[in-house]
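Beneath this line is the structure, given in structure tokens, with notes to follow.
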Amino acid sequence: MLDYTMVIVLIGASLLGILSGVIGVFILLRGQSLLGDAVAHAALPGIVLAFLVTESKNILVLLSGGAVSGAAGMLLMTLVTTHTRLKKDAAQGMVLSIFFGLGLILLTVVQKRPITHQSMLNKFLFGNISTILYQDLVCIGVITSIVLLFIIIFWKELVASVFDASYMQSVGFRQQSVSFLISILILITILIGLQAVGVILMSTLLIAPAVAARQWCDSMRSVVIVSGFFGALSSIMGVLLSNCMVGIPTGPMIVVVASGLVFFSIMTASFIAKRIKNFSVPPYTGVTQTNTHTQKNTHTQVRTQAYAQSRICFCYMSKKYIKQKDRA
Amino acid sequence: MILFQIYLLAVALLVACSSTLLGVFLVLRGVALMSDAISHALLPGIIIMFLLVRTFDSFSLLIGAAGAGLLTVISVEFLINVKNIKKDTAIGLIFPLFFAVGVILIHVFAHTIHIDTDMVLLGEIAFAPFNRLYIGAKDVGPYALWLLSFIMLVNSFFVWFCYKELKLTTFDPLGAKLLGFNPAFINYSIMFLTSITMVGAFDIVGSIVVVALTITPAATAYLLTDHLDHMISMSLLIAASSVITGYAWAFIVDISIAGAIATMSGLFFIIVLCVVPRKGLFARASTYLNIRRKSAFQLVFEHIKLHGSVDIVLLPSLFGWSPAFVNRLVVSSEGRNLFVRKGSTLFLHKQ
Numbered sequence: 070m071l072d073y074t075m076v077i078v079l080i081g082a083s084l085l086g087i088l089s090g091v092i093g094v095f096i097l098l099r100g101q102s103l104l105g106d107a108v109a110h111a112a113l114p115g116i117v118l119a120f121l122v123t124e125s126k127n128i129l130v131l132l133s134g135g136a137v138s139g140a141a142g143m144l145l146m147t148l149v150t151t152h153t154r155l156k157k158d159a160a161q162g163m164v165l166s167i168f169f170g171l172g173l174i175l176l177t178v179v180q181k182r183p184i185t186h187q188s189m190l191n192k193f194l195f196g197n198i199s200t201i202l203y204q205d206l207v208c209i210g211v212i213t214s215i216v217l218l219f220i221i222i223f224w225k226e227l228v229a230s231v232f233d234a235s236y237m238q239s240v241g242f243r244q245q246s247v248s249f250l251i252s253i254l255i256l257i258t259i260l261i262g263l264q265a266v267g268v269i270l271m272s273t274l275l276i277a278p279a280v281a282a283r284q285w286c287d288s289m290r291s292v293v294i295v296s297g298f299f300g301a302l303s304s305i306m307g308v309l310l311s312n313c314m315v316g317i318p319t320g321p322m323i324v325v326v327a328s329g330l331v332f333f334s335i336m337t338a339s340f341i342a343k344r345i346k347n348f349s350v351p352p353y354t355g356v357t358q359t360n361t362h363t364q365k366n367t368h369t370q371v372r373t374q375a376y377a378q379s380r381i382c383f384c385y386m387s388k389k390y391i392k393q394k395d396r397a
Numbered sequence: 130m131i132l133f134q135i136y137l138l139a140v141a142l143l144v145a146c147s148s149t150l151l152g153v154f155l156v157l158r159g160v161a162l163m164s165d166a167i168s169h170a171l172l173p174g175i176i177i178m179f180l181l182v183r184t185f186d187s188f189s190l191l192i193g194a195a196g197a198g199l200l201t202v203i204s205v206e207f208l209i210n211v212k213n214i215k216k217d218t219a220i221g222l223i224f225p226l227f228f229a230v231g232v233i234l235i236h237v238f239a240h241t242i243h244i245d246t247d248m249v250l251l252g253e254i255a256f257a258p259f260n261r262l263y264i265g266a267k268d269v270g271p272y273a274l275w276l277l278s279f280i281m282l283v284n285s286f287f288v289w290f291c292y293k294e295l296k297l298t299t300f301d302p303l304g305a306k307l308l309g310f311n312p313a314f315i316n317y318s319i320m321f322l323t324s325i326t327m328v329g330a331f332d333i334v335g336s337i338v339v340v341a342l343t344i345t346p347a348a349t350a351y352l353l354t355d356h357l358d359h360m361i362s363m364s365l366l367i368a369a370s371s372v373i374t375g376y377a378w379a380f381i382v383d384i385s386i387a388g389a390i391a392t393m394s395g396l397f398f399i400i401v402l403c404v405v406p407r408k409g410l411f412a413r414a415s416t417y418l419n420i421r422r423k424s425a426f427q428l429v430f431e432h433i434k435l436h437g438s439v440d441i442v443l444l445p446s447l448f449g450w451s452p453a454f455v456n457r458l459v460v461s462s463e464g465r466n467l468f469v470r471k472g473s474t475l476f477l478h479k480q
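These protein sequences, in sequence, are chains Y and P. Position one of the first sequence corresponds to residue 70 (our numbering), numbered consecutively onward. Position one of the second sequence corresponds to residue 130 (our numbering), numbered consecutively onward.
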């Protein structure tokens with residue numbers, strides 16, 4: 070059962086699972102759960118156009134085309150939500166369907182060419198991880214490690230921007246560039262995740278592991294780790310199950326497994342976690358333990374808070390000053 | 130041939146208008162993506178119903194799909210209300226699951242069903258006139274035309290009959306509840322009608338483009354007006370015009386009709402987004418530039434008032450402006466007769 074192809078598929082699936090699980094936590098916490106859906110649809114015209122222009126089936130060429138149109142879709146969404154009174158869901162729905170319509174037009178153009186690759190549409194609509202080659206695996210591995218490296222390097226900034234963007238800005242970080250970085254990471258993840266589950270089922274691969282992990286743990290670090298684990302688990306289980314049952318595609322199976330994981334977690338996690346917590350929390354002694362490490366931490370926290378307060382004070386004072394000047 | 134074209138256009142217009150009519154309320158209630166979710170989640174309902182009754186042109190498919198749509202809505206509401214999960218997260222968890230189950234069902238019963246996922250996702254409007262409705266042995270016209278006219282009738286009757294309730298529950302659900310209305314009932318009716326509309330539309334334009342027809346005209350109209358009744362009529366107008374232009378475009382260039390209609394509606398939206406007065410992007414940009422220039426004039430004016438004169442070369446370093454901006458500022462100030470310029474020095478007018 071575990072021959073060479075199977076090993077490659079399993080490694081690829083688990084890498085994609087880890088990546089989408091980790092990025093999914095950030096998507097979930099930023100409240101953009103359906104972003105994956107919208108961007109995956111928006112990538113379609115870019116992919117088809119890249120194919121029309123270059124006529125190559127190289128995955129990197131196609132995905133870079135998809136990246137351009139996916140980024141255009143993201144940009145249009147931010148433009149609409151920031152400059153009009155339309156809500157996020159309307160913007161996402163519009164971008165999703167209009168870009169897909171554009172993709173349909175381009176596909177009819179492709180079909181009129183003598184060289185037809187009907188399979189290409191199906192590959193990106195439903196994805197098929199079981200057809201990846203060694204070169205694709207290398208590509209996925211490199212991209213996954215780059216994205217994970219970025220997340221480890223900018224961990225502090227990413228977490229701060231997810232939880233309290235305005236505080237972060239007041240402390241002096243560049244909130245907009247960090248937000249831009251997150252968007253780029255999300256875009257990359259969605260694009261390479263398309264190979265596993267395709268356009269329509271992308272949103273589950275991104276948010277299901279994160280939602281499941283969120284039921285089990287509370288700290289950011291553990292949620293990210295558990296979510297990556299859940300992502301890998303559901304991808305591997307999906308691949309194995311679709312391998313056992315003949316004729317069932319991999320993508321939908323992965324989605325079913327991931328959703329099953331979510332519903333299992335939602336139903337049972339709070340109960341089990343409560344039991345574990347009751348068992349493991351030490352009794353409260355009345356004196357909080359302190360050591361040098363925590364003291365240092367609190368010291369920096371106090372310093373940053375004081376700095377933020379001074380900034381806010383300064384802003385307030387300058388406003389007051391301007392007002393006084395106006396009156397004068 | 131002409132009759133064939135008229136049938137196609139009529140079917141497309143009916144799809145667009147009946148989905149837009151509900152889309153207005155979906156956009157205003159902030160649940161626009163429920164239409165996307167429902168249109169995808171129909172798949173297992175249709176397939177299970179087909180496996181039970183074994184025919185395609187029957188009302189039972191409609192019932193199966195509407196059932197699947199309602200099940201989607203109920204499970205999303207369950208996740209939101211009982212399990213404290215955010216609305217879009219719940220939608221994003223439920224509808225891919227339904228769709229995946231549908232795809233798996235298709236593959237399991239592949240040899241007994243002649244339905245494939247392309248048909249659901251992409252649809253094909255050109256086949257609509259060939260599927261005829263027979264009463265007895267008499268051919269009374271395309272099946273889709275009758276079905277969609279019925280759906281359009283039901284939708285417009287619902288909006289006309291429940292207009293007051295819809296308005297109240299959309300803008301003030303709490304107030305509606307206090308006054309004795311039932312917002313949940315209205316909500317479920319909208320979702321039920323949305324799923325019926327999606328069933329009528331999915332095999333004609335496909336389950337993704339129908340989302341474009343539901344949301345985009347309504348969103349475009351929302352940018353243009355503040356009145357609900359104006360918004361409804363405007364969105365119907367926009368939907369109809371995007372159908373007609375898209376259809377003409379697809380007919381001339383020979384491309385996917387559904388794709389062309391969706392793209393045209395997107396084009397209308399982008400044009401409106403850019404040029405609409407006061408709220409449009411161009412209007413906002415020009416307001417912003419005006420304010421920036423005015424405050425810059427104010428700064429220069431105050432500076433000259435304090436110091437008597439100012440050198441243009443020093444302006445960039447004084448206020449942190451780019452030299453190009455200072456140049457433009459000086460040129461536009463000359464047209465307005467604000468300052469007197471001698472060489473590179475600015476003075477105030479002596480009046």
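C-beta: ideal position from N, C-alpha, C; glycine also.
_Strictly below 9 Å CB to CB, what residues from chain Y border Phe228 (chain P)?_
Those within 9 Å of Phe228 (chain P) in chain Y are Ile269, Leu270, Pro321, Val324.
- Query: Using the beta-carbon of each residue, which ones in chain P are nearer than 7 Å to Leu204 (chain Y)?
  - Reply: Note that residue 204 (chain Y) is Gln in the sequence shown here, rather than Leu. Neighbours of Gln204 (chain Y) on chain P: none; closest Cβ ~28 Å, over 7 Å.
Review point. Looking only at C-alpha atoms, which of Y:Val117, Y:Ala234, Y:Val108, Y:Ile220 sits nearest to Leu145 (chain Y)?
Key: Y:Val108
Does DSSP put Arg470 (chain P) in a helix, a strand or coil?
strand
Is any beta-carbon of chain Y found at less than 9 Å from that of Arg422 (chain P)?
no
Between Cys403 (chain P) and the rest of its own chain, which residues show a CB-CB distance below 6 Å, the 5 nearest in sequence each way excluded? Gly409, Leu410, Phe411
Going along chain Y, which residues have a C-beta under 9 Å from Ala170 (chain P)? Chain Y residues near Ala170 (chain P): none, gap ~11 Å exceeds 9 Å.
**Message:** Quick check: the Cα distance between Leu79 (chain Y) and Ile305 (chain Y), rounded to an integer number of angstroms?
**Reply:** 6 Å
Check your understanding: In its own chain, which residues sit with a C-beta less than 7 Å from the C-beta of Leu270 (chain Y), not counting the 5 before and 5 after it?
Key -> Gly320, Pro321, Val324
Supposed contact pair Gly231 (chain P) and Leu277 (chain P) - C-beta distance, whole angstroms, cut 8 Å: Contact flag wrong, Cβ pair sits at about 23 Å.
- With 9 Å as the threshold, decide whether the Cβ of Val108 (chain Y) is near any Cβ in chain P. no
Q. Per the contact definition of three or more C-beta pairs closer than 8 Å, is the region 297-317 of chain P in contact with the region 170-184 of chain P?
A. By the Cβ criterion, the region 170-184 of chain P is not in contact with the region 297-317 of chain P, since fewer than three pairs of Cβ atoms, one from each stretch, lie closer than 8 Å.
Next item on the list: Give the DSSP bridge partners of Leu477 (chain P), in chain order.
Entry: P:Phe468
Kindly indicate if chain P contains any beta-carbon less than 9 Å away from that of Gln245 (chain Y).
no
Just the C-alpha distance for Ile399 (chain P) and Leu435 (chain P), rounded to the nearest angstrom, thanks.
-> Spanning the two alpha carbons is a distance of roughly 47 Å.
>> For Ser438 (chain P), report the span of its beta strand (DSSP E) as first-last.
In response: 438-440
*Do the CB positions of Val308 (chain Y) and Leu194 (chain Y) come within less than 9 Å of each other?*
No, they are not a contact pair.
* For the region 149-169 of chain Y, enumerate the residues whose C-beta is nearer than 9 Å to any C-beta of chain P, in chain order. => Val149, His152, Thr153, Arg154, Leu155, Lys156, Lys157, Asp158, Ala159, Ala160, Gln161, Gly162, Met163, Val164, Leu165, Ser166, Ile167, Phe168, Phe169
Compute the beta-carbon to beta-carbon distance between Lys212 (chain P) and Ile335 (chain Y), rounded to the nearest angstrom, for a pair I have assumed lies under 8 Å. 5 Å
Worksheet entry | is_contact[His236 (chain P), chain B] using C-beta, thresh 9 Å | In the structure shown, chain B cannot be found, because the protein chains are Y and P.
Shortest alpha-carbon distance to Val331 (chain Y) belongs to which of Y:Arg290, Y:Leu275, Y:Ile209? Y:Leu275
task = Indicate whether the contact test is met: 3 or more Cβ pairs, each with one atom in the region 291-299 of chain Y and one in the region 232-252 of chain Y, closer than 8 Å.
result = no
Less than 6 Å between C-beta atoms, sequence neighbours within five positions excluded: which residues of the same chain meet that for Val149 (chain Y)? Leu155, Ala160
Rounded to the nearest angstrom, how far is the Cβ of Gly139 (chain Y) from that of Ile261 (chain Y), given a contact under 8 Å? Wrong, their Cβ atoms sit about 12 Å apart, outside the cutoff.
Margin query: Short of 6 Å in beta carbon distance, which residues of its chain neighbour Thr474 (chain P), apart from the five on each side in sequence? Order them along the chain.
Written below: Ser438, Asp440
Quiz prompt | Alpha-carbon to alpha-carbon, Phe290 (chain P) and Met320 (chain P) | solution = Between Met320 (chain P) and Phe290 (chain P), the C-alpha separation is close to 17 Å.
(Q) Just to confirm before moving on: does the CB-CB distance between Ile177 (chain P) and Gly193 (chain P) stay below 9 Å? (A) yes
- Under a Cβ-count criterion, where at least 16 other Cβ atoms within 10 Å of its own Cβ denotes burial, should Leu157 (chain P) be classed as buried or exposed? buried
* Asked: Between the beta-carbon of Ile87 (chain Y) and the beta-carbon of Ala279 (chain Y), is there less than 9 Å?
  -> no
**Item:** chain P contact for Ser214 (chain Y) (CB, 9 Å cutoff)
**Value:** no
Please name the residues in the region 452-467 of chain P whose beta-carbon is closer than 7 Å to at least one beta-carbon of chain Y, in chain order.
none
In this structure, does DSSP put Pro271 (chain P) in helix, strand or coil? strand
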